[in-house]
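Here this note's numbering is used: the first residue of the sequence shown is 8, the next is one more, and so on. Where a beta carbon is used, it is the ideal one built from N, C-alpha and C, also for glycine.
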Amino acid sequence: MNELLIIRHLRHSFSQQLVLNDVSLSVVSGKVTGLIGPSGASKTTLVKTALGMEKADRGTAMVLDTKIPNRKILGQIGYMAQSDALYQDLTARENLTFFGHIKGISKKTASDHSKSRSNRRSNC
Ligand SMILES: Nc1ncnc2c1ncn2[C@@H]1O[C@H](COP(=O)(O)OP(=O)(O)OP(=O)(O)O)[C@@H](O)[C@H]1O
Ligand SMILES: [Mg+2]
């Protein structure tokens with residue numbers, strides 16, 4: 008199976024606080040993967056470090072066979088930080104269309120994709 012994300016021995020600290028200690032995992036294509044843990048468990052820090060938004064003290068992260076950080080690969084990653092990253096005044100579809108447009112996807116294509124996804128959901 009194709010590994011989209013490979014994390015090896017990742018370590019990250021904020022000042023004196025060690026928040027990630029020797030974390031290794033991989034995420035494969037075609038599967039929905041959840042990262043769960045209590046508040047403060049370092050889920051966000053792990054994702055940010057894996058994407059190069061935080062600098063790891065040690066260890067490596069590879070996305071699509073490319074060592075992170077790498078600006079080019081960021082264009083192929085969709086990352087939404089928290090629910091507050093969405094515009095509350097827009098519908099879910101309008102948010103998708105808006106952010107799709109920022110990524111260079113035409114309004115029609117983004118709209119078609121969001122419609123087909125919501126249709127698939129309602130057929131489940
Ligand atoms: N920018 C920062 N500067 C200093 N400490 C930070 C920073 N970001 C996170 N931390 C600390 O790192 C630890 C992990 O935080 P993180 O936000 O990654 O946890 P989380 O699992 O995503 O939590 P939540 O479920 O609340 O989103 C916490 O102790 C937090 O206070
Ligand atoms: Mg978080």
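Rounded to whole angstroms, Ala63 and Leu32 show a C-alpha spacing of 15 Å.
Relative to the Cα of Ser121, the nearest Cα in the group Ser113, Thr104 and His108 belongs to Thr104. Non-local C-beta neighbours of Ser118 in its own chain, meaning closer than 6 Å and more than five positions away in sequence, comprise Thr104, ordered along the chain. For Leu12, there is no enclosing alpha helix (DSSP H); the residue is found in the beta strand (DSSP E) stretching over Glu10 to Phe21. Pairing Thr52 with His19 gives a Cβ-Cβ distance under 8 Å. For the 8 Å CB-CB criterion, Leu11 and Val35 form a contact. Straight across, the Cα-Cα distance linking Thr67 with Asp29 is about 10 Å.
Lys79 carries a helical assignment under DSSP once its states are collapsed to helix, strand and coil. Remark: C-beta atoms of His108 and Lys114 approach each other more closely than 8 Å.
Ligand 2 never approaches Lys110 closely enough for any of its heavy atoms to be under 7 Å from the residue's Cβ. Here Ser22 is exposed. Its C-beta has fewer than 16 other C-beta atoms within 10 Å. Residue range Lys50 to Ala57 is occupied by the alpha helix (DSSP H) that includes Leu53.
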